[in-house]
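Sequential numbering of the sequence shown, starting at 2, is according to the working numbering. Yeah, the Cβ is synthetic: ideal placement off N, Cα and C, and Gly gets one too.
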Amino acid sequence: MTPFENLVNEVFKKRIDRKGFEYKRKSFFKIYDNRINELYDKYFNKINLEDNSYTFNYHNKDLEDLLFMLRCHFKLWIEYSTTKITIYKHFPKQFKIIKKVTKENHWFTPEEFKKGTTLFYTESNYGTVNLLNGIPLSKSLKPIEGTNIIPSTQINYDFIAPIKK
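Here is the structure:
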């Protein structure tokens, strides 16, 4: 099941069957059952599995919970402005660097990436990524010899744009 399908399935569960969630890692976050019900009912009652994207207007007071829920819990590709969020059914596979990535703006990166560089999204990463800030990207999808690990590094959202095909 895709992350988009997971979201739609959660939204259309009976209210009593919907469960909040919490993450105890570095970005400790908890959304209680009543809050998750409020968000689902307020923003997702018109979401449809057949659509390739879903756009809705949000209230500023809900943005932090919505970003955490969509990016970290459901692992969806989203874009947002000051008033709207768009959720995409399919997570992009390739990204272009739109601002130079250096040790100064990404202290954890193993190397610099020039503007215009194409990187690949990988879920097969070994390490930690804070999905609130960025996603794991790799120069290639070739695993380290003798493993299934694809080396990747977190690149923050402000430094990338999806390559749409």
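Legend entry - Opening and closing residue of the alpha helix (DSSP H) in which Lys-43 lies: Position 42 of the sequence shown, counted from the start, is the residue given in the question as residue 43. Annotation for Lys-43: the continuous alpha helix (DSSP H) segment containing it runs 34-44.
Inset, instruction - Check whether the region 148-159 touches the region 101-114, counting contact only when three or more Cβ pairs, one atom from each stretch, lie closer than 8 Å. - result: Yes, they touch.
Inset, instruction - Give me the Cα-Cα distance between Tyr-33 and Pro-144, rounded to the nearest whole angstrom. - result: Walking along the sequence shown from the start, residue 33 turns up at place 32. Walking along the sequence shown from the start, residue 144 turns up at place 143. Rounded to whole angstroms, the separation of the alpha carbons of Pro-144 and Tyr-33 is 39 Å.
Legend entry - Residue span of the beta strand (DSSP E) that contains Phe-1, given as start and end: Past the boundaries of the shown model lies residue 1; the chain is included only from 2 to 166, so the question cannot be answered.
Inset, instruction - Can you say whether Leu-77 is buried or exposed, counting buried as having 16 or more other CB atoms within 10 angstroms of its CB? - result: Counting from one through the sequence shown, the residue named residue 77 turns up at place 76. Residue burial annotation: Leu-77 is buried, with at least 16 other C-beta atoms found within 10 angstroms of its C-beta.
Inset, instruction - Could you tell me whether the region 63-74 touches the region 111-126, using the rule of 3 or more Cβ pairs below 8 Å? - result: Contact between the region 63-74 and the region 111-126 is absent: fewer than three C-beta pairs spanning the two stretches fall below 8 Å.
Legend entry - Contact set for Thr-61: own chain, Cβ-Cβ below 6 Å, skip 5 residues either direction: In the sequence shown, the residue the question calls residue 61 occupies position 60. Looking at the sequence provided, one finds Asn at residue 61 rather than Thr. The answer is none, since no qualifying residue turns up.
Legend entry - DSSP three-state assignment for Leu-142, whether helix, strand or coil: Residue 142 sits at position 141 when you count from the first residue of the sequence shown. Coil, per DSSP.
Legend entry - Closest by C-alpha distance to Ser-139, when choosing among Glu-80, Gly-147, Glu-124: Position 138 of the sequence shown, counting from 1, holds the residue named residue 139. Here the closest residue by C-alpha is Glu-124.
Inset, instruction - Please report how far the alpha carbon of Ile-79 lies from the alpha carbon of Tyr-89, in whole angstroms. - result: On the sequence shown, residue 79 is found 78 positions in, with the first residue counted as 1. On the sequence shown, residue 89 is found 88 positions in, with the first residue counted as 1. Approximately 6 Å between the Cα atoms of the pair.
Legend entry - As assigned by DSSP and simplified to three states, the class of Ile-136: If you number the sequence shown from 1, residue 136 lands on position 135. Residue state, collapsed to three classes: strand.
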